[in-house]
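*Asks:*
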Amino acid sequence: MPGGLSSDDSESPATASKRPCPSADSSGTSAKRVSSWVPEKVRAIAGPNQVLLDEEREAKLALQQRVKELERQRRLQSTTAQDNERLQRLLSEAQENLRTNTERLESSALDMRTTIASREQELQQVQDEIEQLEVTAAILHRDKGILLDQVKLALAEKEEAVRQLRESHSAQRDGPSHEDELASLRQDKETEKERLEALIAQLRAERDVFRREKMECETEIQTLRNANRSNSAQNGQVNGQPTGSSSDVPLDISQIIDQVMEKFLASQERQTSNGTRTKGRSTKPGSAARILEVKRKALGALDADKEAAWKGLLHETFCSATGATAINSFERYDPVDHDTVNNFADGKGPGPEGANRFRLYFGDAWRTASWNRVVISHMIPLVHAGKARKNIGGSSMTNDGIEACIWGYISQARNSWKAYQPRVHSSGSRYETQAEAITRAKASAAKRISSVRQNNRKNNVGSCYLFVYILTEGLQQKFNDRHEAVVKLLHHAPNPMDKAKWQMVKNVLDNVEADAMSSDNTDTEENPATPNRLDTPAQLLITVPHYRRRIISDLFDDLDASHKDFVVKEARKAGTRYMPKPTRLRVRTGVKSERTVARHLPGGLYHRNFLKRLTPREREAVAVKEGEVPFFDRWMANRVDADSDSD
């Protein structure tokens with residue numbers, strides 16, 4: 001039934017009125033029935049029963065609980081989001097602090113490495129000077145011994161002459177007197193003695209000067225090494241420190257030097273070069289000059305392609321025969337010993353055969369050793385076989401030319417091998433150990449590479465890789481090009497605004513000059529995109545000078561781009577095609593360079609934070625120039641974004 005009522009409850013009022021009325025006797029019972037019946041009717045008329053109301057109330061309570069749960073979850077999510085945001089902010093701050101500390105540590109490490117490298121270079125220079133002084137001392141000591149021997153011989157001859165004169169004088173007492181002759185001899189002897197004493201005084205003065213210079217150099221070396229040791233304490237102690245004492249050159253000549261010294265000195269003067277022209281002289285067969293002459297003639301007879309092919313063949317044959325990777329990589333080579341070469345020359349031992357067929361000799365008289373000549377004769381057939389294998393056509397080199405080229409390779413290989421052999425220690429009291437010799441050779445090689453790299457960067461140098469000529473711009477050439485470009489743009493400025501702009505750029509360029517202009521501060525050993533290839537030059541990694549205003553780099557970039565567009569437009573007007581010159585590939589890294597600061601620049605060109613960090617002494621060392629850069633300083637006063645505080 002509708003409403004969930006029973007059949008009794010669903011009776012209509014009309015049906016209920018037809019029922020007979022209860023009697024009076026049953027009035028109490030009827031009252032109870034009426035009282036229990038009426039609510040049921042009222043409930044049936046009003047709506048749902050109690051069960052549905054309870055279910056509705058329970059559902060409402062469940063919904064309220066669900067709403068409260070959702071509200072609680074929403075508040076929890078909001079709190080979690082706030083915590084995540086706070087944690088993210090703390091993480092960003094920690095990363096920023098880590099990056100700042102890392103940059104500061106890297107800067108300090110780079111400064112330390114630069115200081116150590118400069119100290120090592122200064123130390124190497126002083127050591128070279130000490131070696132030269134030691135060689136001079138050895139020469140003086142040798143000359144002193146020769147002079148002493150000659151003096152003793154001359155004194156013995158004079159004493160013998162005096163003895164003979166005395167004997168003749170005693171034998172001829174009754175004869176004519178020789179007093180005048182003896183007086184003359186004594187006078188000559190006194191004169192010669194005075195002259196030699198003056199010469200001795202001069203030699204002693206030179207000896208004292210040499211001693212003082214040597215002591216000053218040793219003191220400077222000790223100071224540099226102490227500074228180097230304090231700067232590189234984390235990398236260990238520096239090997240090979242000087243002992244602080246050196247043996248003096250004994251030049252105490254107490255004997256009387258006679259005329260033999262003068263003759264010896266005269267002969268030494270005659271042996272020195274007097275500037276005589278030797279252009280027309282013929283070289284001695286087998287000498288280094290003769291070998292070089294034969295090599296030049298043999299290579300000069302070939303054209304460029306054939307010369308390069310022959311050089312490559314000779315280089316490959318020599319390296320394969322000796323087992324070396326390159327001509328300048330003989331530091332681990334094991335040459336033939338002196339006894340084996342001498343036994344072969346005397347006919348008492350075997351020659352270059354078997355395992356020693358291509359084994360070279362690097363000892364004394366290596367250029368004239370018959371052993372090396374036989375080894376070269378073994379290499380010549382390999383060269384001819386390689387020529388046939390590589391199909392090198394055209395005219396061939398003679399055996400003399402091939403031999404001359406191989407002699408040149410042997411000379412280079414010997415120099416590479418000898419650089420890693422122990423020499424006399426800088427103290428002069430002992431020989432180097434093998435470890436000290438290797439350290440010295442590596443330091444010299446690194447210094448040479450650094451010097452070559454710096455020279456190539458500072459000058460306009462052409463590099464040839466597999467016959468591909470690549471012109472690398474030097475800083476001075478780049479400065480000249482930019483100066484010409486800004487003058488050209490200034491002359492052809494279409495309006496006063498552009499003219500003022502290029503005038504400002506020209507003023508900045510005139511003040512920074514070449515050293516502070518370029519940001520090509522570093523380079524790589526090879527091209528990362530194409531490693532181990534010789535036909536692609538190394539990329540230039542462009543960094544940002546840390547001491548300079550950041551806006552200056554943008555000005556120079558705009559100058560380069562504007563000049564290129566101007567040249568292209570001018571070429572189009574003239575009906576020609578613009579051909580840019582070859583240049584190195586440049587990669588802008590955005591990394592700040594920590595190289596030496598450019599000095600004597602106007603204060604407006606330095607980064608403001610860089611100037612703030614300078615102490616008065618450092619500012620004096622930088623030598624900031626007083627005055628302003630026309631147009632630039634006034635323009636910078638209106639730009640607040642020229643230098644950020646974080647840079």
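Numbering (the UniProt record's numbering), first residue to last: 1 to 647.
All C-beta atoms in this analysis are idealised placements derived from N, C-alpha and C, irrespective of residue type, glycine included.
What you are looking at is a predicted structure, and each value in this text was computed from that prediction instead of being measured.
1) SER329 and SER416: beta carbons closer than 8 Å?
2) Considering only residues of the region 60 to 105, which uninterrupted alpha helix (DSSP H) runs meet the minimum length of 4 residues and lie entirely inside it, listed in chain order?
3) In whole angstroms, what separates the C-alpha of ASP188 from that of GLU194?
4) Classify THR543 as helix, strand or coil using the three-state DSSP reduction.
5) Got a sec? Which residues, its chain only, sit under 7 Å from LEU489 by beta carbon, not counting five neighbours each side?
6) Alpha carbons only, please: which of ALA308, GLU594 and ARG207 is nearest the one belonging to ILE392?
7) Taking 8 Å as the cut-off, decide whether the C-beta atoms of ALA516 and GLN476 are in contact.
8) Could you round the C-beta distance between PHE358 and HIS378 to whole angstroms and report it? I think they count as a contact, below 8 Å.
9) Using 8 Å as the threshold, is the C-beta distance between TRP366 and ARG414 below it?
10) Taking the continuous beta strand (DSSP E) assigned at LYS592, which residues delimit it?
11) If you check the beta carbons only, do LEU360 and PRO335 fall under 8 Å apart?
12) Just list the residues that DSSP pairs VAL424 with in beta bridges.
13) Expressed to the nearest angstrom, what Euclidean distance is found between the alpha-carbon atoms of VAL622 and ARG599?
14) Got a sec? Which residues, its chain only, sit under 6 Å from ARG86 by beta carbon, not counting five neighbours each side?
15) According to DSSP, ARG548 sits in a beta bridge with which residue or residues?
16) So, at 7 Å on beta carbons, what are the nonlocal neighbours of VAL629 in its own chain, with the 5 sequence-adjacent residues on each side left out?
17) Go to residue 651, then tell me how far its alpha helix (DSSP H) extends in each direction, as first and last residue.
18) Within 8 Å, do at least three Cβ pairs link the region 430 to 439 to the region 128 to 147?
19) If you draw a straight line from the C-alpha of ILE221 to the C-alpha of HIS425, how long is it?
20) Please classify LYS348: does DSSP put it in a helix, a strand, or coil?
21) Mind checking who LYS297 pairs with in its DSSP beta bridge?
22) Locate the alpha helix (DSSP H) running through PRO616, then write down its first and last residues.
23) DSSP three-state call for SER247: helix, strand or coil?
24) Write down every uninterrupted run of the alpha helix (DSSP H) in the region 142 to 221 whose length is 4 residues or greater and which is fully enclosed by it, in chain order.
25) Here's the rule I'm using: 16 or more other beta-carbon atoms within 10 Å means buried, otherwise exposed. How should residue 648 be labelled?
26) In whole angstroms, what separates the C-alpha of ARG634 from that of GLU570?
27) Using alpha carbons as the reference points, say which of GLN124, SER287, ARG482 and LYS297 lies closest to GLY401.
28) Under the DSSP definition of a beta bridge, which residues are partnered with LYS488?
29) Starting from LEU382, follow the alpha helix (DSSP H) in both directions and report where the run begins and ends.
30) Taking the alpha-carbon positions, what's the PRO352 to ASP346 distance?
31) Looking only at DSSP bridge pairs, what is LYS625 linked to?
32) Reducing DSSP to helix, strand and coil, say where LEU302 ends up.
33) Checking 8 Å against the spacing of the C-beta atoms, do HIS546 and GLU620 come in under that value?
34) So for ALA561, helix, strand or coil by DSSP?
35) Starting from PHE632 and walking both ways along the alpha helix (DSSP H), at which residues does that stretch end?
36) When the Cα atoms are used, what is the spatial distance from VAL383 to PHE362?
*Replies:* If we stick to the structure as given:
1) yes
2) none
3) 10 Å
4) strand
5) TRP502, SER562, HIS563 and PHE566
6) ALA308
7) no
8) With 8 Å as the limit, PHE358 and HIS378 qualify as a contact, their Cβ atoms being about 6 Å apart.
9) Contact: yes.
10) That run of the beta strand (DSSP E) goes 586 to 593.
11) yes
12) TYR431
13) In this structure, the alpha-carbon of VAL622 lies about 5 Å from that of ARG599.
14) Sequence-distant Cβ neighbours of ARG86 in its own chain, meaning closer than 6 Å and more than five residues away, do not exist here.
15) TYR606
16) Within its own chain, the residues whose Cβ lies closer than 7 Å to the Cβ of VAL629, once the five positions on either side in sequence are excluded, are ASN507, VAL508, ASN511, PRO602, GLY604 and LEU605, listed in chain order.
17) Coverage of the chain is limited to positions 1 through 647, which leaves residue 651 absent and any answer about it impossible.
18) Judged by Cβ distances under 8 Å, the region 128 to 147 makes no contact with the region 430 to 439, as fewer than three pairs qualify.
19) 14 Å
20) In the three-state DSSP reduction, LYS348 falls in the coil class, being neither helix nor strand.
21) LYS297 pairs with nothing; no bridge assigned.
22) 616 to 622
23) Note on SER247: pLDDT 38, under 50, position unreliable in the model; no value is reported.
24) none
25) Nothing about residue 648 can be read from this structure; the chain reaches only from 1 to 647.
26) 33 Å
27) Per the Cα distances, LYS297.
28) Per DSSP, none; premise fails for LYS488.
29) 370 to 390
30) 14 Å
31) PRO602
32) In this structure, LEU302 counts as coil in the three-state DSSP scheme.
33) no
34) When secondary structure is reduced to three states using DSSP, ALA561 falls in the helix class.
35) Here the alpha helix (DSSP H) through PHE632 covers 632 to 637.
36) If I take the Cα positions, the gap works out to 22 Å.
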